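**Student:** Numbered according to the working numbering, the sequence shown spans residues 4 to 141. A virtual CB, placed ideally from N, CA and C, is assigned to each residue, including glycine. Computed from a predicted model, the values in this text were never measured in an experiment. Please read through the structure below; I'll follow up with questions.
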Amino acid sequence: MAGVSSCMKYSMFIFNFLFWIIGCLILGISIWIRVSKDIQEEFKTESSMLSPVNLLIAVGSVIMVLGFLGCCGAMKESQCMLLLFFIGLLMILLLQIVAGILGAVYTSQVFHSSILLSYVVIKLHRLIVSSVYLQIEG
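See the structure below:
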């Protein structure tokens, strides 16, 4: 039984460490988008255009905290940290269910928002690719 417990402990640590890294990446990239003057000039952003970026900052922070709680809770076998990790995952599940219901009810507004979001993603991709090419050439 100790071998199974050890395997569960290390696999939970590895997966939560990956989630922590992904949360750090999401948080870092979204903060970079939020404070970068080049991106704000490219999109001619208004305060309403930055709300998806603010949402990404919040999501990255939550993923980072949950990944940390999962890593430390698994390695130290702390019931408190694992309980907080479980409560966080349960809250995310409930929020996803509510978001799915609201998305189904307000389908037309979601469709228009997704078109705007795809435009922003395409412009951001073009800006990143062009800046990478400029760095390579210069």
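1) Please check the pair L69 and G91, which I expect to be a contact at CB under 8 Å, by giving their CB distance rounded to whole angstroms.
2) With 16 other CB atoms within 10 Å as the buried threshold, where does A107 fall?
3) Which of the three DSSP states is assigned to S81 in this structure?
4) Would a C-beta distance cut-off of 8 Å place G73 and F22 closer than the cut-off?
5) By the 10 Å Cβ neighbour count, where 16 or more other Cβ atoms means buried, how is N19 classified, buried or exposed?
6) Between the C-alpha atoms of M11 and F71, what's the straight-line distance to the nearest angstrom?
**Tutor:** Let me lay it out:
1) Sequence index remark: in the sequence shown, residue 69 carries index 66 (1-based). Sequence index remark: in the sequence shown, residue 91 carries index 88 (1-based). Going by Cβ atoms, the distance from L69 to G91 rounds to 5 Å, so yes, they are a contact pair.
2) Here residue 107 refers to the residue found at position 104 of the sequence shown. A107 should be labelled exposed.
3) Along the sequence shown, read from residue 1 onward, the residue named residue 81 stands at position 78. In the structure shown, S81 sits in coil (DSSP, three-state: anything other than H, G, I, E or B).
4) Here residue 73 refers to the residue found at position 70 of the sequence shown. Here residue 22 refers to the residue found at position 19 of the sequence shown. Yes.
5) Here the question's residue 19 lines up with position 16 in the sequence shown. N19 comes out buried.
6) Along the sequence shown, read from residue 1 onward, the residue named residue 11 stands at position 8. Along the sequence shown, read from residue 1 onward, the residue named residue 71 stands at position 68. The straight-line gap from Cα to Cα measures roughly 17 Å.
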